[in-house]
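For reference, the structure is listed below as structure tokens.
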Amino acid sequence: MTALATPPTTTGTPTPRVSPRTLVSSLWLFAVLCYLYCDVLGLFHTEDLAAILTGEINGIALTQTFLLGAALLMTIPITMVLLSRVAPHPVARWGTVVGGTIMTVVQVGSLFVGGGPTWFYLWFSVLEIGATGFLVCYAALRWRHED
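Offset between the sequence shown (1-based) and our numbering: plus 145.
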């Protein structure tokens, strides 16, 4: 399977087309990088950093249990980068639908925690929700069979 297929157009010129697996995997990677960079920027936001250093942010205690939960949550998109490339089509497709739904709901919910999101957090949330929301719709409605 190649990343780019070149179906002929009406003018006879080949038009590059990204394979569904490449598109889905790339969008998962895009979401992962957005999650990571947003968290890195949070360390430069003085109010967030001060709260982190106290062990509590927005009323949430940063316990080992909480951090393990966050790690497990972030394992979803990290794993989907790989699974969407190598797993059998039904696993990749439904993993994307379920994983994308979870990540979209969590990210939307995170906007309502605390005193309101920072501008950079809001920006990355728009990108993350857009990417995972698109992944869910694409996998559920368009990625019905292996291409």
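From the three backbone atoms N, C-alpha and C, an ideal C-beta is built for every residue, glycine too. None of these values were measured; they are calculated from a predicted model.
Can you name, in chain order, every residue of its own chain whose Cβ lies under 7 Å from the Cβ of residue i, other than the five neighbours on each side?
| i | result |
| --- | --- |
| Val177 | Pro222, Ile223 and Val226 |
Does the beta-carbon distance from residue i to residue j come in below 8 Å?
| i | j | result |
| --- | --- | --- |
| Gly214 | Leu207 | no |
| Gly245 | Ala284 | yes |
| His234 | Glu291 | yes |
| Ser164 | Arg230 | no |
| Tyr182 | Met219 | no |
| Leu172 | Ala276 | yes |
| Leu188 | Leu194 | yes |
Candidates the options: which alpha carbon is nearest residue i's?
| i | options | result |
| --- | --- | --- |
| Ser270 | Gly204, Pro159, Val250 and Thr158 | Val250 |
| Ile205 | Gly245, Val258, Leu194 and Thr241 | Val258 |
| Gly254 | Trp173, Glu273, Phe175 and Arg166 | Glu273 |
| Gly260 | Pro161, Ala196 and Pro159 | Ala196 |
Is the beta carbon of residue i within less than 7 Å of some heavy atom of the ligand ATP?
| i | result |
| --- | --- |
| Ser170 | In the structure shown, the ligand ATP is absent, as is every other ligand, since no ligand is present at all. |
Could you compute how far the alpha carbon of residue i sits from the alpha carbon of residue j?
| i | j | result |
| --- | --- | --- |
| Phe265 | Met248 | 18 Å |
| Ile202 | Leu174 | 27 Å |
| His190 | Ala237 | 37 Å |
| Pro262 | Leu228 | 31 Å |
| Arg287 | Leu256 | 29 Å |
Can you name, in chain order, every residue of its own chain whose Cβ lies under 8 Å from the Cβ of residue i, other than the five neighbours on each side?
| i | result |
| --- | --- |
| Val281 | Thr241, Val242, Gly245, Thr246 and Thr249 |
| Phe211 | Ile205 |
Specify, as a first and last residue, the run of the alpha helix (DSSP H) that residue i falls within.
| i | result |
| --- | --- |
| Ala276 | Trp264 to Cys282 |
| Glu192 | Thr191 to Thr199 |
| Ala176 | Pro165 to Gly187 |
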